[in-house]
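So the structure is just underneath, and the comments pick up after that.
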Amino acid sequence: MIHLSQQQITTGRVPPIELSDQLTVAVRFRSTGSGAERSQALVAQWTLASDFDAFSSYDATHTDGLVCAGYMGGVFDGRYIYFSPNRDSRLRDSVHGRVLRYDTLGEFDDPSSYTAFDVEHVTHLRTVNYYGAAFDGRYVYFSPQDEGHQYHSRVLRYDTRSGFKDRASWQSYDMGMIHSHQGVAFDGRFVYFPPGYEGTSNYESILEDKHSGQFMRYDTHSEFANPDSWQRFDSKPLSERATNFDGAAVDGRYVYFVPLSNGLVLRFDTRGRFEDSGSWHSYDVSRFRKDGWFVGAVFDGCYLYLVAYSHGVIVRCDTNGDFSDDESWSTRDVSGTAGLDTGGFDGGLFDGRYAYFMPWNNPQGKHHSNFLRFDTLGDFDDAANWTACDAGHVGGMKTIGYNGGVFDGRFLYGAPVCDDDEFHGRILRYDTLAEGTFALRHSDYGHNGGLCAAVPGPSFIVNTDRGPISAAAHQALGPGAHEVAGVYSQGALRLIVDGAVVTEIVGSGALQRSEAEIAIGQFADSAARFEGSIEAVVIGDGALDVEQISRALRSGDAGA
């Protein structure tokens, strides 16, 4: 067991250590702020890939005898990835409720790692066609869109502590509005559903000609079926253009809603009252691109990137600046990056260093799979920091047409929708890791995909020969002194926060050895920097219990 000296902590780098298949990583630190949505590493032997070619694919279209095609976004609960069901053909009434789930502890290309469940009639309401999902640490929430002939506001919720195919695990709540919602946000307590389109009482009519400003918000500390747990806010009185949003992001205090059209980014201050118009502010990005047209956003801890939809103009906001000041905003046209057609994306992801933009369709409406990547350690205006890769044919299959994605701490997953020929369930995965054994994080970006939402809080991930195993607290830490530790031993991974085991994941696999340096307060490539001071670090081959970890952090002696 190694107790790092203050000099080693200050230097921020130590040589790799020899490990068996047991590991303890523990840190005592003082944080300056919660940084709930920032990717902040405490200790990591985790080197991100500079090459951009590690793609793989799996066709889940016929999982469990169901047609599993057409998904809009998804979310990760710490073990499982849930893809949000939308529709399975170009016909508007082909909406479905077949939720697709992947077990990240299983092999990616093993059919037994996948399961599907049709939730269309799992409750007393018809629950089909959802657009994004959120996870609050226990429940997964699906954001409602339409039922083929009319928009609906039936929020669907799944209890991850119960059986996936147990009908009692599922609930629905209807806000009674004929409106669609597109994407979702979560600030640690409240789930927000951004408005899309407004319908009419004519059941046969979906025209997408009326834009909605009806935001919905749910208090996760209250009863799901209680009307008092739900609130509405109409943004139209702010501006007739403050409507039709698609995706959202949170920077720790503010919630940003991304304009699909109309060009107004809307920001809500979570310290204010939801119904108070003074809590809301807007910024017009149509000066960069007429009418806007963005879907989802990526947040790197400082900058918010609006994801260009059917064009190549990426808009960036410095969240540390004045939201209303033009100097806080910049733009870059990324069309033609690396000689590829890189105009048109749908959602984006962040791995702690690189921002990825999920390919969707180009300005002519043709679907493509030209992934775009930006190195956030470099200059936004420098073309050398932008690259692209054609992932349109991976694993012997056509891999085009993805809407948002999911990040599990190592792999990025594209939510499959359709290509120019058909709707499909071909999941595309990208490996962000070059080499590494573990990463202990203070916090991570939870809205990682553009159409999903979570607040992971402290987390611990290990890289094994069977893939990554991770655990997260799903609750942000406040400012001040804390102790966080990760322990991996005998097929179980435990996350310990301030002397208590908050999460335990059953998983097995031999630790993957790495020759990379161990970085303190960052990743090895200076990404995902911790905002605060680290006072003590213990790393070693062995599985310490809670008391041993506490003693080791205070004295350097594990007493094991």
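Using this note's numbering, read the sequence shown as starting at 250 and increasing by one per residue.
By construction, the Cβ of each residue, glycine as well, lies at the ideal position given by its N, Cα and C atoms.
Keep in mind it's a predicted model, so treat the numbers as computed, not measured.
Select from A491, W295, A275 and G496 the residue whose C-alpha is nearest the C-alpha of T713.
-> Per the Cα distances, W295.
Residue nearest to F599 in terms of C-alpha spacing, selected from Q613, W609 and D693 = That would be D693, whose Cα lies nearest to the Cα of F599.
In chain order, which beta strand (DSSP E) runs of at least 3 residues are fully inside the segment 724 to 785?
-> Runs of the beta strand (DSSP E) lying entirely within the segment 724 to 785 and spanning at least 3 residues, in chain order: 729 to 738, 741 to 746, 749 to 755 and 767 to 769.
Please state whether DSSP places T312 in a helix, a strand or coil.
-> Of the three classes helix, strand and coil, the one that applies to T312 here is helix, per DSSP.
Pairwise C-alpha distance: F543 and T492 | Near 13 angstroms, if we compare the C-alpha coordinates of F543 and T492.
Determine the contact status of P393 and Y407, defining contact as a CB-CB distance below 9 angstroms.
-> No. Outside cutoff.
Run of the alpha helix (DSSP H) containing A801, from where it starts to where it stops = First-last of the alpha helix (DSSP H) with A801: V795 to S804.
Can you tell me the Cα-Cα spacing of N569 and A734, whole angstroms?
-> Approximately 30 angstroms, taken between the alpha carbons.
Along the chain, which unbroken stretches of the beta strand (DSSP E) at least 3 residues long are found entirely within the segment 585 to 619?
-> The segment 585 to 619 is shown to contain whole beta strand (DSSP E) runs of 3 or more residues at 594 to 599 and 603 to 608, in chain order.
In terms of residues, what are the limits of the alpha helix (DSSP H) holding T259?
-> Residue range Q255 to T260 is occupied by the alpha helix (DSSP H) that includes T259.
Hey, would you say H642 sits closer than 9 angstroms to T636, going by beta carbons?
-> Cβ atoms of H642 and T636: not closer than 9 angstroms.
Are three or more beta carbon pairs between the segment 252 to 267 and the segment 672 to 683 nearer than 8 angstroms?
-> In short, these stretches do not touch, since the Cβ pair count stays below three.
Is there contact between the segment 307 to 315 and the segment 357 to 374, where contact requires at least three CB pairs shorter than 8 angstroms?
-> The count of Cβ pairs closer than 8 angstroms, one atom from the segment 307 to 315 and one from the segment 357 to 374, reaches three, so the stretches are in contact.
Using the Cα positions of G789 and D657, report the straight-line distance between them to the nearest angstrom.
-> Cα atoms of G789 and D657: separation of roughly 25 angstroms, rounded to the nearest angstrom.
Run through the segment 296 to 355 for me and flag every whole beta strand (DSSP E) of 3 or more residues, listed as ranges in chain order.
-> Counting only runs of 3 or more, we get 304 to 308, 320 to 325, 329 to 334 and 347 to 352.
Could you tell me if N451 is buried or exposed, where buried requires 16 or more neighbouring beta carbons within 10 angstroms of its beta carbon?
-> N451 should be labelled exposed.
Within 10 angstroms of its Cβ, does M321 collect 16 or more other Cβ (buried), or is it exposed?
-> M321 comes out buried.
Can you check whether the CB of Q431 is closer than 9 angstroms to the CB of G496?
-> It is a contact, given that the beta carbons lie within the stated cut-off.
Where A632 sits in the DSSP three-state scheme = A632 sits in a helix when the DSSP states are folded into three classes.
Can you name, in chain order, every residue of its own chain whose Cβ lies under 8 angstroms from the Cβ of A809, other than the five neighbours on each side?
-> Bear in mind that the predicted position of A809 carries a pLDDT of just 38, short of 50, making it unreliable; the figure below should be weighed with that in mind. Once the five neighbours on either side are set aside, the close Cβ partners of A809 are M250, G791, L793 and Q797.
Which of the three DSSP states, helix, strand or coil, is assigned to A809?
-> Residue placement at A809 is flagged as unreliable, the pLDDT there being 38, under the threshold of 50; a coordinate-derived value is accordingly withheld.
Among L726, G716, P717 and A683, the one whose alpha carbon lies nearest that of V704 | Comparing Cα-Cα distances from V704 to each of L726, G716, P717 and A683, the minimum goes to L726.
Can we say the segment 518 to 533 touches the segment 263 to 271, given the rule of at least three CB pairs closer than 8 angstroms?
-> Taking 8 angstroms as the limit for Cβ pairs, the verdict is that the segment 263 to 271 does not touch the segment 518 to 533.
Inside the segment 350 to 417 only - beta strand (DSSP E) runs reaching at least 3 residues | Scanning the segment 350 to 417 from its first residue to its last, the whole beta strand (DSSP E) runs of 3-plus residues come out as 363 to 367, 379 to 384, 388 to 393 and 403 to 408.
First and last residue of the beta strand (DSSP E) that includes C566?
-> Where C566 is concerned, the enclosing beta strand (DSSP E) stretches over V562 to D567.
Pairing CB atoms from the segment 331 to 351 with CB atoms from the segment 757 to 764, are three or more of them under 8 angstroms?
-> No, they do not touch.
What residues match up with D624 in a beta bridge as DSSP calls it?
-> Bridge partners of D624 according to DSSP: Y603.
Coil, strand or helix - P476 by DSSP | Three-state result, P476: helix.
Starting from R581, trace the beta strand (DSSP E) both ways and give me its first and last residue.
-> From DSSP, the beta strand (DSSP E) with R581 extends over W578 to D582.
Simplified DSSP state of D575, which is helix, strand or coil = DSSP places D575 in helix when its eight states are reduced to three.
Would you tell me roughly how many angstroms separate the C-alpha atoms of Y446 and D300, rounded to the nearest one?
-> A direct Cα-to-Cα measurement between Y446 and D300 gives close to 40 angstroms.
What is the DSSP secondary structure of S559, counted as helix, strand or coil?
-> Reduced to three states, the DSSP call for S559 is coil.
V399 to S738 span [Cα, whole Å] | Position check: residue 399 holds Gln in this sequence, whereas Val was assumed. One alpha carbon belongs to Q399, the other to S738, and they sit about 52 angstroms apart.
How about V404 and Y467: are their beta carbons less than 9 angstroms apart?
-> Yes, the Cβ-Cβ distance between V404 and Y467 is below 9 angstroms.
Compute the Euclidean distance between the alpha carbons of S510 and A688, then round it to the nearest angstrom.
-> Spanning the alpha carbons of S510 and A688 requires a straight line of approximately 39 angstroms.
Count the other C-beta atoms from every protein chain shown that fall within 10 angstroms of the C-beta of S708, then say buried if there are 16 or more, exposed otherwise.
-> Classification of S708: buried, given that the 10 Å Cβ count is 16 or more.
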